[in-house]
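Protein chains in written order, with the numbering used here: chain L, 4 to 322; chain V, 20 to 594. Ideal placement from N, C-alpha and C gives every residue a C-beta, glycine not left out. A quick note: this is a predicted structure, and the numbers were derived from the prediction, not measured. Heads up: the structure comes next, in structure tokens.
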Amino acid sequence: MLKYALRRILVVFPTLVAASLIIFALIRFAPGDPVDIMYGPAGMGHSTATISQEARDKVRGQLGLLEPPPIQYAIWLGRVVRLDLGTTFKTRRPVVDELAERLPTTAKLAFLSFGILLVTAIPLGVVSAVNQGKAADHGVRFVALVFSAMPSFWLGLLLLYLLGVQWDVIDISGGSELKHLILPAAVMALGIVPTISRLLRASLISELGQLYIVFARAQGLSDGVVLWRHAVRVAVLPIMALLGLYLGGALGGSVIVESIFSIPGVGKWVLDSILGRDFPVVQAYMLLAVVIIATANLVVDLSYAVLDPRIRFGGRQVA
Amino acid sequence: MDLIEKPARRRSRRWMLTAAAGSAALGAAALVGCVETEVVEVVKEVPVEKVVTQEVDRVVVQEKVVTQEVERVVTRIVEKVVERSPDDARADELVWVNGELFYGLDPVHEYSSGYMLPVGVAETLMTVGDDGSIIPWLAQSYELVDANTAKITLRQNATFWSGAPVNAEAVKASLERSIELAPPAAALLKGITIEVAGEWELRFASDAPIPQLPFNLTDAWLAIHNAASYGPEDNAFDVEAADLTGPYRLVEFKPREEALLELWDGYWGPKPQFSRMRYREVPDPQARALIALSGEADVVKKLPAETAALVRASDKVDLALQVSTGTASIYLNLQRPPFDEPAVREAVGWALDRNEIVELAWSGLAKPASSWLSTNAAYPEAAEIGFMKYDPERAAQILDEAGWVVGGDGIRAKDGNQLKFRNLWWGIEKPVSEVIQEQLKRIGISVEVIGSPDYGVLDGARASGDWEALVEGWGHFGDPFGPLHRHFGPTGDINYGRYRSDEMDALFAQFDDAISLDERRKIAVEINELVFRDVIIIPLYARASVGAISRSLAGYKLPTEEWRVTEVTPELSRR
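This is the structure we're talking about:
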């Protein structure tokens, strides 16, 4: 198990380098110059100043953009090895500082939404499977269908309108405090609850028909023990990868939810940086995303072993 | 993270301690209500400082009074605790919501001072008056000594937040720092030298006439700041360094999230009535609209045009609609087909129904433009020329005469080439591009709509030369010298289509030498006429800026020109 985990961790490094190279190439060859965007029509209305090419080149030089792209990449990679992610073009502050300001909020939002996802999707899936073909199953299916058809931006705005404008029970302005994150976390979670609950339903129905369940019942175990300790535990395995990917994605920030709910998180920051061609931010974010996704996958793989005794003891039996 | 320390709060805490010590010394007990210490033989009372601590549900007023008695001077503290409701707490705080907060605290930093001016944080030497004229702001007077020299006399009572005087040396240092660190500021004062002519007097001189200087000095890039405090580098996040002149000083600053501003007692001019202002960044336009409708904010800027009807119907807010002095246009690539052919350019101009564009894409809020300068109130004659009406028959006739014949698929063609082009959009102009596509289809022109909210799409296409048309909007308020040069001058950076003609060169040669405003104005009108005649660009409309103002406010006045004047005026108050 330890050897397996170490191997998985080592695989992350070449993945990081490969991903960084691809992202670097993609963003550097995408149309749009950071300095032109900095002083160009994005600031329309603010100024009528005509900025000479020499002045623009001076700023490009200050940002290190006059070097050939391969040199820029090498310089950036050299810094990263020394754990220096550089400074942003837009604010000229260390990328790490800006990331550190935003990551806690995004992490809070991600874990809160993950928690909401677990406490809604799993019970719904179980209720649906246990009551297969009955009213409860149809009801859950209907709700799942409704929520899966709602884009998160639409659901978010609808909830803000109902709760903030019509009933006046929440502040729309948002913020990074926990009380401001509950609604956006719910919106994020509700987007995937139908998928998870339906997958769990299908998996659980399949598991409930297995011989080991019949055997457990024949041993006189109660329905609750058979369901939760044996069937659900195994039925959850197929959705573990999906849950891991969801958490990884949520930790990387949700652009739409963060924008609608005015949450100062990583997602909105990165979108602004992509639009402004703030290369150091985008590259740093990409590294972070790869690390998060790789970690999430690793945790999911390890959790298989914890949840499924067949995996945990499989190697030993063969030996 | 709060990047700014909280001096006011620190001061409050210090005062609390002082209050406690003073009260103990005088044997007074602080009670809820009004506590005063009896003093005998009072000769004179001078309130020397007052500290107000506001919380959600109460306000504490501490007043320090120096009392001169016969033999000694006693300091006594008066503390009043007034219970208040949450509504009262909001009463003297103005909540301001916009799509963007100033990025940093240094005026040389991008996207900073442009957002500071409207909310009374930063100021410039000149500003725009109610009638659109350029008037002194931090300057007391502006005088053109001769064509190449101007004299500015400063207000002697203006200081920075730190208390340092806004004298000639400080203003010179501020402008020179902006020139050094901010390319747009350098462009605005290009070729101009600044000299200190006295403690409160500056002279601006150049080898060329400088009639545009007063207007340039209204630009937010030239906001006056304490250069000594900020230092030689861009210092956008150094809280201690921020030293400006506006009536509101920063108390808290969370970049890209929120700024808390506090009324500054030392302000030189009439002060706004709100003791605090909360400026929130809400990036999503629909969320901003919901905030406006909920009544959570007092002023909400940059609303989507389609939400105007909801705002109008609300009983909590009023619509604040401002048509910009600028023109959104179709910029044409004159170097490649089909717009290298003047007939096609002219036909497209007549084939567009600008009223329909405004109605469908802007909910009727924008203002149709017949010629480029027609949206500028200072040029009423420009509204009398250009594409005055929607005339598809004339457009079709022009194309017929030019040999563009309608094919079986409804698209015109000549010499085997179909009449089609790509129209690029960015930002908010997608609906406009789609209406244009539909209108031009009616006369047999095929338009492919390409774009994204990302400006890089336009930037990249222009850099490669691989484009035919794009929709973009630019302002032309004030002296038209700069905008006209940039758009239609031989080396203009917004002359995207690379237009050049002898007639235009001659007009710009006259323009460069003209000094009097009347003369410059006359030439600007002639350039505008030539722009229409040669169809260098196709004007569409003046954009509308849509905002919502809480009905609990009185005295809000739409700015004559956004980004160059403060909107938090002394007249603005809570009803």
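DSSP-derived helix/strand/coil call for residue i
i, result
"Y249/L", "helix"
"V122/L", "helix"
"E162/V", "strand"
"L603/V", "Residue 603/V lies beyond the residue range present for chain V, which begins at 20 and ends at 594; the question has no answer from this structure."
"K271/L", "helix"
"G66/L", "The residue asked about is misnamed: residue 66/L is Leu in this sequence, not Gly. Coil, per DSSP."
"R232/L", "helix"
"V587/V", "coil"
"T94/V", "With a pLDDT of 41 at T94/V, under the threshold of 50, the predicted position of this residue should be treated as unreliable, though the coordinate-derived value follows. The answer is strand: DSSP assigns T94/V an E or B state."
"R594/V", "coil"
"G285/V", "coil"
"T264/V", "coil"
"T326/V", "helix"
"P411/V", "helix"
"W582/V", "coil"
For residue i, the first and last residue of its enclosing alpha helix (DSSP H)
i, result
"K541/V", "L536 to R552"
"Y215/L", "L214 to A221"
"L379/V", "R373 to W381"
"Q286/L", "F282 to L310"
"A525/V", "D521 to D532"
"I556/V", "Careful: I556/V lies outside any alpha helix (DSSP H), inside the beta strand (DSSP E) at I556 to A561."
"I199/L", "V196 to L211"
"I26/L", "L5 to F32"
"V260/L", "V258 to I263"
"I198/V", "A187 to L200"
"G142/L", "A138 to S151"
"L232/V", "L232 to N235"
"H504/V", "F500 to F507"
"D238/V", "Looking at the DSSP string, D238/V is not in any alpha helix (DSSP H), and its letter there is neither H nor E."
"S225/L", "Careful: S225/L lies outside any alpha helix (DSSP H) and carries neither H nor E."
Residues that residue i bridges to, as DSSP identifies them
i, result
"M191/L", "None; M191/L has no bridge partner."
"E212/V", "Correcting the residue identity first, residue 212/V is Thr in this sequence and not Glu. DSSP, once it has assigned bridges, lists A224/V as partnering T212/V."
"D337/V", "I568/V"
"N514/V", "DSSP output for N514/V lists no bridge partner at all."
"W493/V", "T346/V"
"L279/V", "E271/V and R297/V"
"S465/V", "K439/V"
"P155/V", "M145/V"
"V424/V", "A432/V"
"L351/V", "A488/V"
"W445/V", "S471/V"
"R96/L", "BP columns for R96/L are empty, so no partner."
"V318/V", "W115/V and I568/V"
"E573/V", "Here residue 573/V turns out to be Ala, not Glu, going by the sequence shown. DSSP, once it has assigned bridges, lists S592/V as partnering A573/V."
"K386/V", "A561/V"
"P184/V", "T178/V"
"G217/V", "E220/V"
Residue interval of the beta strand (DSSP E) (run including residue i)
i, result
"G270/V", "The amino acid at residue 270/V is misidentified as Gly; the sequence shows Val. Y267 to K273 is the extent of the beta strand (DSSP E) around V270/V."
"T168/V", "T168 to L173"
"R85/L", "First-last for R85/L: undefined, no H or E at that position."
"L113/V", "E112 to N117"
Nearest to residue i (by Cα), restricted to the options the options
i, options, result
"F440/V", "R461/V, I469/V, E448/V and R222/V", "I469/V"
"A488/V", "G497/V, K209/V, Q341/V and P356/V", "P356/V"
"F114/L", "R59/L, M191/L and I125/L", "M191/L"
"R10/L", "L301/L, V294/L and T91/L", "L301/L"
"D226/V", "E220/V, T212/V, G217/V and E467/V", "T212/V"
"N245/V", "A201/V, N547/V and S197/V", "S197/V"
"Q213/L", "L13/L, V83/L, D304/L and V229/L", "V229/L"
"V98/L", "K61/L, D171/L, V239/L and L88/L", "L88/L"
"S176/L", "F530/V, M135/V and D303/V", "D303/V"
"I296/L", "D281/L, S257/L, L248/L and L310/L", "L248/L"
"H495/V", "R373/V, F507/V and D485/V", "F507/V"
"A147/L", "L120/L, A238/L, L161/L and P283/L", "L120/L"
Residue i beta carbon near the ligand HEM (any heavy atom closer than 7 Å)
i, result
"L165/L", "Looking for the ligand HEM in the displayed structure turns up nothing, as the structure carries no ligands at all."
Sufficient close CB pairs (3 or more, under 8 Å) joining the segment 527 to 540 of chain V to the segment 296 to 311 of chain V: no
Contact the segment 253 to 260 of chain V vs the segment 122 to 139 of chain V: 3+ CB pairs below 8 Å: yes
Segment contact flag, the segment 266 to 284 of chain V with the segment 221 to 237 of chain V, C-beta cutoff 8 Å, min 3 pairs: no
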